[in-house]
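Residue numbers (the numbering used here): 15 to 237.
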C-alpha cells in the first residue's frame, strides 16, 4: 500500500476536544465517502504509532481532511495531534474501509464514530440525495456534539441527538440508544442501517437491530 507525506495546512476547532486537520491532496489520490487511512505523526518517537482516521472532506475537494477527537487524558496519538501545529507532517496510507453508502436508511453513531458519516452526508447533500436519511447521534454531553450546526442544516428533524451523561431539554434527548429506544423510534427494520462508534456500542446496536428483524445484509459497519 502506498504512503504519502502530508503537511498540515489548516487546523479548525470543532468542539473542546475535536479538530479538523486539512492537507494538500496528493495528485490522483482517491477515496469513497466513509473510507479511512492509516495515519502516523511524523514526530520523533511517534512515527511508528499508526492509527486509522476517516476522511471527512468531499472526494471532489482540492484538499484532504480528518476530523479527529483527541483523548487528552493520556499520552496517545490523538493527544499528540491535539498539540500539532500547521507545518507539522503526517504520513497516510491509501484509502480503505467498509463503510460506504448503500441506500437510504438510518445512521447510528456514538461519539467520534460519526466521522465516517460526515463525508457521506456531505456527499449526499452535494448530489441532492439526502432524502429521508436519518442520523441518531449519541454523546456523553451536549458540548461533545461534532458539527451540530452543519448536521442540523443538512438533516433538520432527521438529526436526532441522544445525550447519556447530562440532563438536557428538548430537542436533545436524555438516554441511550438501545433495543428499547430502537423499538420505540424505528418503524421499518427492513431499511439500511449504518453503525459506527466504540466497539461495545457498535456490537450492542448491531445485536439489537438483528433481534428486531433488521436484515444482516442491510447493516453497514466497519468489520
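All C-beta atoms in this analysis are idealised placements derived from N, C-alpha and C, irrespective of residue type, glycine included.
Buried or exposed (CB count within 10 angstroms, at least 16 for buried), residue i
i, result
"residue 221", "exposed"
"residue 230", "exposed"
"residue 41", "exposed"
"residue 214", "exposed"
"residue 112", "exposed"
"residue 123", "buried"
"residue 141", "exposed"
Closest residue to residue i among the options (Cα-Cα distance)
i, options, result
"residue 68", "186, 90, 83, 139", "83"
"residue 44", "170, 207, 162, 76", "76"
"residue 47", "60, 110, 32, 93", "110"
"residue 188", "155, 196, 64, 37", "155"
"residue 29", "138, 228, 94, 157", "157"
"residue 121", "25, 20, 216", "216"
"residue 159", "23, 58, 175", "175"
"residue 115", "139, 100, 214, 99", "139"
"residue 237", "60, 49, 38", "49"
"residue 25", "18, 19, 33", "33"
"residue 228", "234, 64, 203", "203"
"residue 232", "167, 58, 38, 119", "119"
"residue 54", "20, 38, 145", "20"
N- and C-terminal bounds of the beta strand (DSSP E) containing residue i
i, result
"residue 223", "No beta strand (DSSP E) contains residue 223, which is instead part of the alpha helix (DSSP H) from 213-225."
"residue 230", "Residue 230 -> no beta strand (DSSP E), and no H or E assigned at all."
"residue 150", "148-153"
"residue 95", "Here residue 95 belongs to no beta strand (DSSP E); instead the alpha helix (DSSP H) covers 91-96."
"residue 72", "Counting along the chain, residue 72 falls outside any beta strand (DSSP E), and DSSP gives it neither H nor E."
"residue 166", "No beta strand (DSSP E) contains residue 166, which is instead part of the alpha helix (DSSP H) from 162-169."
"residue 23", "17-27"
Residue i: first and last residue of the uninterrupted alpha helix (DSSP H) it sits in
i, result
"residue 196", "193-199"
"residue 1", "Here the chain covers residues 15 to 237 and nothing more, so residue 1 does not appear."
"residue 140", "129-140"
Residue i versus residue j - alpha carbon distance
i, j, result
"residue 97", "residue 90", "11 angstroms"
"residue 94", "residue 198", "41 angstroms"
"residue 79", "residue 71", "6 angstroms"
"residue 201", "residue 31", "35 angstroms"
"residue 196", "residue 66", "29 angstroms"
"residue 206", "residue 143", "15 angstroms"
"residue 52", "residue 186", "34 angstroms"
"residue 36", "residue 100", "9 angstroms"
"residue 56", "residue 137", "30 angstroms"
"residue 16", "residue 181", "47 angstroms"
"residue 22", "residue 73", "18 angstroms"
"residue 179", "residue 117", "32 angstroms"
"residue 62", "residue 81", "21 angstroms"
"residue 234", "residue 226", "16 angstroms"
Exercise. Determine, using beta-carbon pairs with one atom in the stretch 98-112 and one in the stretch 133-146, whether at least three such pairs fall under 8 angstroms.
Key: no
Quiz item: Using 8 angstroms as the threshold, is the stretch 149-156 in touch with the stretch 85-96, meaning 3 or more CB pairs across them?
Solution: no
Quiz item: Should the stretch 120-131 be regarded as contacting the stretch 202-218, the criterion being three or more beta carbon pairs within less than 8 angstroms?
Solution: yes
Quiz item: Between the stretch 189-201 and the stretch 160-168, do three or more beta carbon pairs fall short of 8 angstroms?
Solution: no
Self-check item: Three-pair Cβ contact test at 8 angstroms for the stretch 220-236 versus the stretch 169-177
Solution: no
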